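So the structure is just underneath, and the comments pick up after that.
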Amino acid sequence: MTTKYDAEADLKIRSQHLASFMYILGIDEEDFLKTTIDDLILLIRERYAYDHDISLDIASKEYIKKQNISLSRGIRRAWFDIQFATYEVNNVK
Amino acid sequence: MSSDKRYEPQMSFDYTKWVYDWKEFARKSTKEDGPESVAISNYLFNVVGIDKRNIATGGASDYEFVIHYPRPALADSYGQSQWMPILLIQALMDISPKKRILALSGGLDRFRLKPFQEIYNSQIYFLNNKKLSLYEKFQYENAPIEYGVLTQQYLESNYNFTFDLIIGWSQDMENPFIPVDLYLDRLEKGGILIIQNSSDSVFLYQNDTQASPVWQYHQDIKSRDDCHMYHIPLFYGITIVVKQ
Numbered sequence: 008m009t010t011k012y013d014a015e016a017d018l019k020i021r022s023q024h025l026a027s028f029m030y031i032l033g034i035d036e037e038d039f040l041k042t043t044i045d046d047l048i049l050l051i052r053e054r055y056a057y058d059h060d061i062s063l064d065i066a067s068k069e070y071i072k073k074q075n076i077s078l079s080r081g082i083r084r085a086w087f088d089i090q091f092a093t094y095e096v097n098n099v100k
Numbered sequence: 112m113s114s115d116k117r118y119e120p121q122m123s124f125d126y127t128k129w130v131y132d133w134k135e136f137a138r139k140s141t142k143e144d145g146p147e148s149v150a151i152s153n154y155l156f157n158v159v160g161i162d163k164r165n166i167a168t169g170g171a172s173d174y175e176f177v178i179h180y181p182r183p184a185l186a187d188s189y190g191q192s193q194w195m196p197i198l199l200i201q202a203l204m205d206i207s208p209k210k211r212i213l214a215l216s217g218g219l220d221r222f223r224l225k226p227f228q229e230i231y232n233s234q235i236y237f238l239n240n241k242k243l244s245l246y247e248k249f250q251y252e253n254a255p256i257e258y259g260v261l262t263q264q265y266l267e268s269n270y271n272f273t274f275d276l277i278i279g280w281s282q283d284m285e286n287p288f289i290p291v292d293l294y295l296d297r298l299e300k301g302g303i304l305i306i307q308n309s310s311d312s313v314f315l316y317q318n319d320t321q322a323s324p325v326w327q328y329h330q331d332i333k334s335r336d337d338c339h340m341y342h343i344p345l346f347y348g349i350t351i352v353v354k355q
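Residue numbers (this note's numbering), protein chains in the order written: chain A, 8 to 100; chain B, 112 to 355.
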C-alpha cells in the first residue's frame with residue numbers, strides 16, 4: 008500500500024491488459040511493440056464486422072457486435088491509460 | 112402533476128436545517144470544478160500528448176475533465192434531477208455510515224468523499240489509476256482528503272482487505288479483466304457497491320441491444336446469490352448493490 012499515485016504499478020497492470028487484448032486478437036508476442044492502435048482497431052473492424060441495421064438483429068450478430076464493442080473500447084481505454092502512465096513514469100518525479 | 116411539460120418543484124432543497132454547510136460546499140465545488148477540468152484537459156492533451164481521438168473513443172467518456180458533481184448553480188427548478196442521485200448516496204451514508212471506503216475513480220468523487228470524511232470520519236482509499244494522479248495534481252488543493260492508495264495488483268492479491276463502501280462509475284466496471292466480482296468480493300457483509308452513470312454509459316454503446324459491457328456487468332451481479340441489486344434510472348443512472 009502507498010500514499011501516492013504509483014505510475015510504474017499503473018503502467019504494469021495496464022500493459023498486461025493491453026497484452027491480453029492482443030493475445031485475444033491472435034497477435035504474436037514478438038509483434039506487440041510494433042503494433043499500433045490503428046492496427047488493432049482495423050483488425051477488430053475487419054474480423055468482427057457488422058452492420059447497424061437493428062431491424063435485422065439476430066443472435067449471431069449480437070455476439071459479433073459485442074465482441075467488436077468490448078474489444079474496441081477496452082483497447083482504446085488501455086491505450087489511453089498506457090500513454091498517460093508512460094508519461095508519468097518518464098517525466099514526473 | 113401540472114399541465115407543464117416538465118414537473119419540477121418550485122423550491123430547491125432547503126439546506127438551512129442541515130448541520131453540514133452543504134450550500135457553501137456546493138457553491139465552492141461548482142466554482143472550482145470548471146477551472147480544474149480545463150487544467151486537466153490541458154495537461155492530458157497538451158502536456159502528456161494523449162491521442163485526441165480519445166475524445167470520441169473512450170477518453171472523454173472516462174470523465175477525466177468533463178462533468179463533475181455537484182452542479183447546483185443551475186436555476187432552482189432545474190437542478191433537481193441532478194441532485195437526487197447525489198442526495199441518495201448521502202442518504203445511504205446517513206442511514207448507515209460507512210467507515211472504510213474504496214474510491215475507484217479518484218477525484219471524480221472528491222465532492223462526496225471529503226464530506227464523508229469530515230462528517231463520518233470515514234477512512235478513504237483510492238485505487239491507483241490516472242484519475243488519482245489527476246486528483247493529486249489538480250484537485251487536491253481545493254478538496255484535500257486524507258487517503259491511502261491501493262494498486263490494482265494489491266487489491267487482487269489481498270482477499271482480506273475489505274471495505275464497507277466501494278464507490279465507482281460505470282467505466283470502472285467495463286474492463287473485462289477487472290470483473291465486478293472483484294469488487295463485490297472485497298465488500299464486507301452489509302457493504303454497498305455504488306456504480307454511477309450506469310444508465311448513461313449504455314448510450315456510449317448500442318443501446319438497442321444487449322451488446323454492451325454495461326449489460327454484462329449487471330448480468331454478472333444478478334448471477335450472484337449474495338447480493339441485492341437496485342438500479343435507479345434517474346438522471347445519469349445509479350446502480351446500488353448491497354451484499355448480504
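Just so you know, even glycine gets a beta-carbon here, dropped at the ideal spot from N, CA and C.
A quick note: this is a predicted structure, and the numbers were derived from the prediction, not measured.
Looking at E15(A) and V99(A), is the spacing between their C-beta atoms short of 8 Å? No, these two residues do not count as a Cβ contact at 8 Å.
S362(B) versus Q234(B): straight-line alpha-carbon distance, rounded: This structure cannot settle anything about residue 362(B), because the visible part of chain B is limited to 112 through 355.
Could you tell me the distance, in whole angstroms, from the CA atom of N240(B) to the CA atom of D336(B)? C-alpha of N240(B) to C-alpha of D336(B): approximately 30 Å in a straight line.
Roughly how many angstroms separate the alpha carbons of L78(A) and R221(B), rounded to a whole number? Spanning the two alpha carbons is a distance of roughly 30 Å.
Under 9 Å by beta carbon: chain B residues contacting Y94(A): Going along chain B in sequence order, the residues near Y94(A) (Cβ under 9 Å) are V158, V159, G160, I161.
For G170(B), name the three-state secondary structure that DSSP assigns. Note that G170(B) scores 46 on pLDDT, short of 50, meaning its location in the model is unreliable and no value can be drawn from it.
Which residues in chain A have a C-beta closer than 7 Å to the C-beta of T273(B)? List them in chain order. Simply none; closest approach about 14 Å.
To the nearest angstrom, report how far apart I65(A) and Y55(A) are at their CA atoms. Near 15 Å, if we compare the C-alpha coordinates of Y55(A) and I65(A).
Under 8 Å by Cβ, that's how I've got K210(B) and D311(B) pegged, so tell me the actual separation to the nearest angstrom. Contact flag wrong, Cβ pair sits at about 30 Å.
Residue range of the unbroken beta strand (DSSP E) whose run includes T367(B): Summary: the structure shown does not reach residue 367(B), with chain B confined to residues 112 through 355, and so no result is reported for it.
Considering only their Cβ atoms, is the gap separating I303(B) from L199(B) smaller than 8 Å? No, they are not a contact pair.
At a cut-off of 7 Å, would you count Q330(B) as near the ligand ATP, judging by its Cβ distance to the nearest heavy atom? This structure simply doesn't include the ligand ATP, nor any ligand for that matter.
Along chain B, which residues have their Cβ under 7 Å away from the Cβ of G81(A)? Within chain B, the residues near G81(A) are N286, P287.
Within 10 angstroms of the Cβ of L40(A), are there 16 or more other Cβ atoms? Answer buried if so, exposed if not. With fewer than 16 Cβ atoms within 10 Å of its Cβ, L40(A) is classed as exposed.
Does the CB of N253(B) have a neighbour CB from chain A at under 8 Å? No - not a single Cβ of chain A is within 8 Å of the one on N253(B).
Pick from E252(B), P255(B), Q327(B), E257(B): whose alpha carbon is nearest that of I95(B)? Past the edges of chain B, shown from 112 to 355, lies residue 95(B), and the structure says nothing about it.
Do you know how far the Cα of M8(A) is from the Cα of G301(B)? Looking at the backbone, the Cα of G301(B) and that of M8(A) are separated by about 25 Å.
Contact check, I305(B) vs M284(B) under 8 Å by CB: the rounded distance? Their Cβ separation, rounded to whole angstroms, is 11 Å, which puts I305(B) and M284(B) out of contact at 8 Å.
Using the beta-carbon of each residue, which ones in chain B are nearer than 7 Å to F91(A)? Residues of chain B passing the Cβ test: V159, I161, K241.
Span separating the alpha-carbon of S152(B) from that of A92(A): Whole-angstrom Cα-Cα distance: 16 Å.
Would you say I212(B) and L224(B) are within 8 Å of each other, going by their C-beta atoms? Their beta carbons are under 8 Å apart, which means I212(B) touches L224(B) by this criterion.
Identify the continuous beta strand (DSSP E) that holds F274(B) and give its terminal residues. Residues 274 to 280.
For V260(B), the three-state DSSP class (helix, strand or coil): Residue state, collapsed to three classes: strand.
Can you tell me whether E135(B) is buried or exposed? The criterion is at least 16 other CB atoms within 10 Å of its CB, across all chains shown. Exposed, by the Cβ-count rule.
Using the three-state DSSP reduction, which class does I44(A) fall into: helix, strand or coil? I44(A) falls in the helix class under three-state DSSP.
Please classify L49(A): is it buried, with 16 or more other beta-carbons within 10 angstroms of its beta-carbon, or exposed? With fewer than 16 Cβ atoms within 10 Å of its Cβ, L49(A) is classed as exposed.
Please list, in chain order, all residues of the same chain as V158(B) whose beta carbon is under 6 Å from its beta carbon, the five residues on each side excluded. So no residue of the chain qualifies.
Straight-line Cα distance separating E247(B) from T10(A): Each residue's Cα considered, the two are about 11 Å apart.
Collapsed DSSP secondary structure at G60(B) in the structure displayed: No answer is possible for residue 60(B): the residues shown for chain B start at 112 and end at 355.
Inter-residue spacing [alpha-carbon to alpha-carbon] between D162(B) and D35(A): Taking the straight line joining both Cα atoms gives about 25 Å.
Within-8 Å CB hit, F87(A) to chain C: Although the question refers to chain C, the structure presented lacks it and instead comprises the protein chains A and B.
Determine the direct distance from the alpha carbon of D58(A) to that of E69(A), and round the result to whole angstroms. So the alpha carbons of these two residues sit roughly 11 Å apart.
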